[in-house]
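Novice: Please see the structure below; I have some questions.
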Amino acid sequence: MEFGTETLDLVGYAASAVVLISFFMKNINTLRIVNSLGCAIFILYGFLFDTVNIPIIITNLGILLVNGYYLFIKKNDEIKEVKE
2 MEFGTETLDL VGYAASAVVL ISFFMKNINT LRIVNSLGCA IFILYGFLFD
52 TVNIPIIITN LGILLVNGYY LFIKKNDEIK EVKE
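Numbering (our numbering), first residue to last: 2 to 85.
Following this line, the structure appears as structure tokens:
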């Protein structure tokens with residue numbers, strides 16, 4: 002699917018805005034959730050180029066995985082520690 006430069010730019014600006022907004026969150030979990038949304042938009046953005054932009058995809062996939070780790074896996078570890 003081919004997108005015009007304006008559409009591609011809008012997706013990039015939207016992703017940047019969401020990531021920027023995430024850093025204004027006071028709660029770390031909210032920050033990670035909003036940041037993950039921004040990363041997901043950036044991953045989509047990376048696929049929208051005529052030639053897939055691998056560096057954008059890899060970087061944001063990595064950040065998305067780190068956020069997921071702290072939101073789901075590490076959170077479960079902390080709950081287990083409190084119960085024990």
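For each residue, glycine too, the CB sits at the ideal point set by N, CA and C.
If contacts are defined as beta-carbon pairs under 8 Å, then Ala18 and Phe43 qualify, I think. What distance do you get, rounded to the angstrom?
Specialist: Incorrect: roughly 11 Å between the Cβ atoms, too far for contact.
Novice: Could you spell out where the alpha helix (DSSP H) holding Phe48 opens and where it closes?
Specialist: First-last of the alpha helix (DSSP H) with Phe48: 29–49.
Novice: Taking a contact to mean a Cβ-Cβ separation below 7 Å, would you say Ile34 touches Gly47 in this structure?
Specialist: Not in contact: Ile34 and Gly47 (Cβ atoms no closer than 7 Å).
Novice: Measure the C-alpha to C-alpha separation of Leu62 and Cys40 and round it to an integer number of angstroms.
Specialist: The alpha-carbon atoms of Leu62 and Cys40 are separated by roughly 7 Å.
Novice: Work out the CA separation of Thr6 and Ser37 for me, nearest whole Å.
Specialist: The alpha-carbon atoms of Ser37 and Thr6 are separated by roughly 24 Å.
Novice: Tell me which residues share the same chain as Leu72 and place their Cβ nearer than 8 Å to its Cβ, disregarding the 5 neighbours each side in the sequence.
Specialist: Excluding residues within five positions, the ones whose Cβ falls inside 8 Å are Asn30, Arg33, Ile34, Ser37.
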